[in-house]
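Chemist: So that we are looking at the same thing, I have put the structure below in structure tokens.
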Amino acid sequence: MCGIIGLIGNNEEDVVDQIILGLEKLEYRGYDSSGIAVLDKDCKIKRLRAVGKLHSLKAKLAVDRISGSIGIGHNRWATHGTPTEKNAHPIISKNVAVVHNGIVENYKELKFDLKKDGCIFDSDTDTEVIASLLQRGINNGASPREAFRKMLQTIEGSYAIAVMFDLLPDTIMIAKQRSPLVIGIGANHCVGSDITSIASFCSEVVYLEDGENAEITKDGVLFFNRNFNQIEPSRHRISIEVIDSGKGKYQHYMQKEIMEQPSALRRTMLYNKIDKSILNDISRILILACGTSYHAGMVAKYWFEKFLKIPTTVEIASEYRYRSPVIEPNTLVIAITQSGETIDTIEAVEYVKIHSNSKVLAISNVKNSAISRIADFVFYTEAGAEIGVASTKAFTAQLAILASIAFMHYDFLIQELQSFPTYCEEVLNLYGAMNDLAHKLCDAKSAIYIGRGSLYPIALEGALKLKEISYIHAEGFAAGEMKHGPIALIDDNVPVICLCPDNELFDKTHSNVQVALARGKNVIVFTDFGKSEILSDEITKIILPKIHVEFVPILYVIPLQMLAYSIALLRNTDVDKPRNLAKSVTVE
Ligand code: M6R
1 MCGIIGLIGN
11 NEEDVVDQII
21 LGLEKLEYRG
31 YDSSGIAVLD
41 KDCKIKRLRA
51 VGKLHSLKAK
61 LAVDRISGSI
71 GIGHNRWATH
81 GTPTEKNAHP
91 IISKNVAVVH
101 NGIVENYKEL
111 KFDLKKDGCI
121 FDSDTDTEVI
131 ASLLQRGINN
141 GASPREAFRK
151 MLQTIEGSYA
161 IAVMFDLLPD
171 TIMIAKQRSP
181 LVIGIGANHC
191 VGSDITSIAS
201 FCSEVVYLED
211 GENAEITKDG
221 VLFFNRNFNQ
231 IEPSRHRISI
241 EVIDSGKGKY
251 QHYMQKEIME
261 QPSALRRTML
271 YNKIDKSILN
281 DISRILILAC
291 GTSYHAGMVA
301 KYWFEKFLKI
311 PTTVEIASEY
321 RYRSPVIEPN
331 TLVIAITQSG
341 ETIDTIEAVE
351 YVKIHSNSKV
361 LAISNVKNSA
371 ISRIADFVFY
381 TEAGAEIGVA
391 STKAFTAQLA
401 ILASIAFMHY
411 DFLIQELQSF
421 PTYCEEVLNL
431 YGAMNDLAHK
441 LCDAKSAIYI
451 GRGSLYPIAL
461 EGALKLKEIS
471 YIHAEGFAAG
481 EMKHGPIALI
491 DDNVPVICLC
501 PDNELFDKTH
511 SNVQVALARG
521 KNVIVFTDFG
531 KSEILSDEIT
541 KIILPKIHVE
551 FVPILYVIPL
561 QMLAYSIALL
571 RNTDVDKPRN
581 LAKSVTVE
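Everything in the sequence shown is counted per my numbering, starting at 1 for the first residue and increasing by one.
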């Protein structure tokens with residue numbers, strides 16, 4: 001997490017506004033604090049930092065303007081050190097200003113050593129050792145380049161770093177190891193944590209690989225490998241689609257992204273025609289993912305085992321490589337990640353690559369993301385930029401790709417899938433109903449979601465959406481598991497949200513609904529027309545369109561997203577940037 005940006009002005013123009021624009025695009029990566037540093041016309045480092053979201057920094061800038069033609073900026077998601085101004089980046093040590101995304105894992109030893117040398121630390125961050133190492137190098141007579149290279153040979157961990165030296169006023173030095181970094185070349189030469197943050201300033205980009213580093217000046221960019229030999233990496237032209245089109249008529253990105261689901265699904269299916277050969281010689285499937293993407297993997301397991309008859313395991317990526325997993329021969333590994341950057345998923349895939357010959361298929365929403373560069377093949381969800389921290393359209397688009405794989409031998413299901421977005425449009429008309437329901441649920445302290453079969457992961461996802469953006473404690477359970485413990489939680493104040501479509505498990509789930517109703521009066525059932533009339537009058541019923549049973553999980557998640565959104569609105573939370581979270585999780 002954390003977003004970094006660095007930019008050099010053409011013709012000596014002030015870069016502060018451009019850096020702020022870039023930081024706006026990067027705010028999804030962290031919003032505990034933000035900061036900017038520039039070299040002013042006297043080659044002095046000037047810095048402004050503010051706690052909280054970017055608007056606090058903008059407010060400070062309005063009264064205490066700084067300016068310069070070279071600068072770096074940072075949005076922080078706190079790891080080491082509380083979210084205070086002294087821990088906000090850029091971190092400065094006399095001649096040096098640093099922004100950093102990642103974790104310096106050996107910072108304790110380095111800090112101890114630097115303190116022995118008389119270095120004084122002002123912050124609690126791991127990043128300050130980078131600034132101190134650079135400053136110590138300069139004090140010992142090294143050039144900025146020498147100091148930078150020595151520092152890179154000393155630190156361990158993950159980093160995307162941009163550094164400015166007042167002694168070298170036309171250069172930003174950058175380096176990457178396990179944290180994303182893109183260099184822009186064009187009207188401005190620049191660097192950012194992602195392509196959208198710099199897309200308006202340049203025409204071409206270079207994706208740095210781990211271990212690579214670079215020096216940016218207004219005249220060009222020099223690239224180096226980890227041994228500091230100069231290299232010429234390939235450049236990519238920026239396509240128009242990376243430019244975020246804003247919130248449009250919507251109050252929040254999340255709302256817009258929920259509404260975009262029919263078109264996102266149509267595009268995803270149009271651009272992803274599944275080649276059946278991906279399953280040649282495959283006898284097992286292993287899915288690696290986190291959070292919402294993990295829930296997509298859980299749904300896929302039901303489909304894969306039923307239709308492909310291939311045993312499928314779904315693993316939480318952050319746990320996977322810390323045990324001794326057995327990877328059987330002929331396993332296809334599917335890594336699902338919206339951002340394509342989640343470090344837990346990337347590291348789990350790296351583990352697989354080291355310990356097996358398995359081929360890796362990535363499903364990602366971001367072109368050229370880190371996962372796409374390490375996977376053997378990639379399917380892109382064509383959901384468009386997802387800015388809201390709570391994943392919505394990327395999830396249903398992931399499910400569309402996974403369904404297309406699962407149903408590859410069943411033409412009638414593939415055809416039905418094509419018409420599925422029309423049902424989503426119908427469900428999106430339920431905003432009024434979800435808003436009414438939200439009024440009933442918004443004061444709950446806790447909520448329970450239950451479902452069976454492929455609706456169990458949707459219960460988990462519904463609960464995740466609610467807790468993430470409304471801060472109401474929520475849990476999802478397999479409906480049949482309630483009686484083994486969680487049922488003790490139910491009373492009149494705990495709403496139980498039951499996913500109970502008219503499928504072969506209806507009667508069983510209905511029994512669980514009745515059991516919940518016997519213990520609490522706040523039971524809400526999402527179902528379809530088929531059996532709704534047999535549900536007790538005491539139950540709040542939400543009636544969804546009747547569709548093919550296999551597509552029910554994709555459809556049922558949509559009203560749960562809308563419900564969470566409506567509840568969050570009533571609770572006045574920051575829907576797109578919920579507390580403590582960041583969109584892209586690049587630290588373990
Ligand atoms: O980018 P990824 O799909 O790898 O992200 C994984 C999770 O961090 C993500 O799905 C997270 O759980 C979402 N905020 C949920 O809405």
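By construction, the Cβ of each residue, glycine as well, lies at the ideal position given by its N, Cα and C atoms.
#1: Below 8 Å, how does it come out for the stretch 400 to 409 and the stretch 535 to 549: are there three or more Cβ pairs, yes or no?
#2: Taking 9 Å as the cut-off, decide whether the C-beta atoms of Pro90 and Ser263 are in contact.
#3: Whole-angstrom Cβ separation of Tyr380 and Ile469, contact assumed at under 8 Å?
#4: So Ala296 is in the alpha helix (DSSP H); what residue range does that whole segment cover?
#5: Sorted by chain position, which residues of the same chain lie with C-beta nearer than 7 Å to Gln398's C-beta, five sequence neighbours on each side aside?
#6: Kindly provide the chain-ordered list of residues whose Cβ lies closer than 5 Å to any non-hydrogen atom of the ligand M6R.
#7: What span of residues does the alpha helix (DSSP H) with Ser566 cover, start to end?
#8: Could I get the ranges of all uninterrupted alpha helix (DSSP H) runs contained in the stretch 308 to 338, with 4 residues as the minimum, in chain order?
#9: Do Met562 and Tyr667 come within 9 Å of each other at the CB atom, strictly closer than that value?
#10: Could you tell me the boundaries of the alpha helix (DSSP H) in which Thr598 lies?
#11: Helix, strand or coil for Phe186, going by three-state DSSP, please let me know.
#12: Per the contact definition of three or more C-beta pairs closer than 8 Å, is the stretch 187 to 198 in contact with the stretch 127 to 134?
#13: Taking the alpha helix (DSSP H) that His484 falls in, what are its first and last residues?
#14: Quick check on the burial criterion: 16 or more other C-beta atoms within 10 angstroms. Buried or exposed for Thr527?
#15: When the Cα atoms are used, what is the spatial distance from Glu347 to Met1?
#16: Assess, as a yes-or-no matter, whether the stretch 206 to 215 is touched by the stretch 223 to 231 under the definition of 3 or more beta carbon pairs within less than 8 Å.
#17: Given a cut-off of 9 Å on the beta-carbon distance, is the pair Asn365 and Ala390 in contact?
#18: Determine the DSSP secondary structure at Cys498, reduced to helix, strand or coil.
#19: Taking three-plus beta-carbon pairs below 8 Å as touching, is the stretch 101 to 109 in contact with the stretch 55 to 73?
#20: Can Asn523 and Pro486 be called in contact, C-beta distance under 9 Å?
#21: Ignoring anything shorter than 3 residues or poking outside the stretch 99 to 170, list the beta strand (DSSP E) runs there in chain order.
#22: Please check if any C-beta of chain B sits within less than 9 Å of the C-beta of Val494.
#23: So, for Ile282: in the same chain, excluding its five sequence neighbours on each side, which residues have a beta-carbon less than 8 Å away from its beta-carbon?
#24: So, is Gln18 buried or exposed, given that buried needs 16 or more other C-beta atoms within 10 angstroms?
#25: Within the continuous beta strand (DSSP E) that includes Ile45, where are the two ends?
#26: Kindly list the residues whose CB is nearer than 8 Å to the CB of Met259, restricted to its own chain and excluding five residues on each side of it in sequence; keep chain order.
#27: Does Ala518 come out as helix, strand or coil in the three-state DSSP assignment?
#28: So what's Asp528 in DSSP terms, helix, strand or just coil?
#29: Roughly how many angstroms separate the alpha carbons of Arg519 and Ser511, rounded to a whole number?
#30: Does the beta-carbon of Lys116 have 16 or more other beta-carbons within 10 angstroms, so that it is buried, or is it exposed?
#31: For my contact list, Met173 and Phe148 are in at a C-beta cut-off of 8 Å; report their separation, rounded to the angstrom.
#32: Considering only their Cβ atoms, is the gap separating Glu475 from Ile458 smaller than 9 Å?
#33: Should Gly6 and Ile216 be called a contact, given that it needs their Cβ atoms to be closer than 9 Å?
#34: Over the uninterrupted alpha helix (DSSP H) stretch that includes Val221, give me the two end residues.
Modeler: Walking through what the data contain:
#1: no
#2: As a first step, residue 90 is located in the sequence shown; it is residue number 90 there, counting from the start. As a first step, residue 263 is located in the sequence shown; it is residue number 263 there, counting from the start. The answer is no: Cβ separation not under 9 Å.
#3: Indexing the sequence shown from 1 puts residue 380 at position 380. Indexing the sequence shown from 1 puts residue 469 at position 469. Contact flag wrong, Cβ pair sits at about 26 Å.
#4: Locating residue 296 in the sequence shown gives position 296, counting from the first residue. Here the alpha helix (DSSP H) through Ala296 covers Gly291 to Trp303.
#5: On the sequence shown, residue 398 is found 398 positions in, with the first residue counted as 1. Excluding residues within five positions, the ones whose Cβ falls inside 7 Å are Ser293, Ala296, Ile336, Ile363 and Thr381.
#6: Cys290, Gly291, Thr292, Ser293, Thr337, Gln338, Ser339, Thr342, Ala390, Ser391 and Val585
#7: As a position in the sequence shown, residue 566 is number 566, starting the count at 1. Taken as a continuous stretch (DSSP letters only), the alpha helix (DSSP H) holding Ser566 covers Val552 to Leu570.
#8: 317 to 320
#9: Absent from the model: residue 667. The displayed extent of the chain is 1 to 588, so no value can be given.
#10: With the chain running from 1 to 588 in the structure shown, residue 598 is simply not present.
#11: What you label residue 186 is simply residue 186 of the sequence shown in a count that begins at 1. It should be noted that the sequence gives Gly, not Phe, for residue 186. Three-state result, Gly186: coil.
#12: no
#13: For the purposes of this step, residue 484 is identified with residue 484 of the sequence shown, where counting begins at 1. Here His484 belongs to no alpha helix (DSSP H), and DSSP marks it neither H nor E.
#14: Indexing the sequence shown from 1 puts residue 527 at position 527. It is buried - the Cβ of Thr527 has at least 16 other Cβ atoms within 10 Å.
#15: As a first step, residue 347 must be located in the sequence shown, where it is residue number 347. As a first step, residue 1 must be located in the sequence shown, where it is residue number 1. C-alpha separation (whole angstroms): 15 Å.
#16: yes
#17: Position 365 of the sequence shown, counted from the start, is the residue given in the question as residue 365. Position 390 of the sequence shown, counted from the start, is the residue given in the question as residue 390. Contact: no.
#18: Translated into the one-based positions of the sequence shown, residue 498 becomes position 498. Here Cys498 sits in strand by DSSP.
#19: no
#20: Reading the sequence shown from its first residue, position 523 is the one you call residue 523. Reading the sequence shown from its first residue, position 486 is the one you call residue 486. Reading the sequence as shown, one finds Val at residue 523 and not Asn. Taking 9 Å as the Cβ cut-off, Val523 and Pro486 do not qualify as a contacting pair.
#21: 157 to 165
#22: Within the model displayed, chain B is absent; a lone protein chain is all it includes.
#23: Against the sequence shown, residue 282 aligns to sequence position 282. Answer for Ile282: Ile310, Asn330, Thr331 and Leu332, listed in chain order.
#24: If you number the sequence shown from 1, residue 18 lands on position 18. So Gln18 counts as buried.
#25: Sequence index remark: in the sequence shown, residue 45 carries index 45 (1-based). Ile45 to Val51 is the extent of the beta strand (DSSP E) around Ile45.
#26: Locating residue 259 in the sequence shown gives position 259, counting from the first residue. Cβ within range, chain order: Tyr250 and Leu428.
#27: Indexing the sequence shown from 1 puts residue 518 at position 518. Reduced to three states, the DSSP call for Ala518 is coil.
#28: Walking along the sequence shown from the start, residue 528 turns up at place 528. It is a strand residue.
#29: Counted from its first residue, the sequence shown places residue 519 at position 519. Counted from its first residue, the sequence shown places residue 511 at position 511. Roughly 13 Å separates the two Cα atoms.
#30: Your numbering for residue 116 matches position 116 in the sequence shown. Under this definition Lys116 is an exposed residue.
#31: For the purposes of this step, residue 173 is taken as residue 173 along the sequence shown, with counting starting at 1. For the purposes of this step, residue 148 is taken as residue 148 along the sequence shown, with counting starting at 1. Confirmed, Cβ separation roughly 5 Å.
#32: Position 458 of the sequence shown, counted from the first residue, corresponds to residue 458. Position 475 of the sequence shown, counted from the first residue, corresponds to residue 475. For Ile458 and Glu475, no; Cβs fall outside 9 Å.
#33: The residue labelled residue 6 in the question sits at position 6 within the sequence shown. The residue labelled residue 216 in the question sits at position 216 within the sequence shown. Yes, Cβ-Cβ distance for Gly6 and Ile216 is below 9 Å.
#34: Counted from its first residue, the sequence shown places residue 221 at position 221. It is not in any alpha helix (DSSP H) - Val221 instead sits in the beta strand (DSSP E) that spans Gly220 to Phe224.
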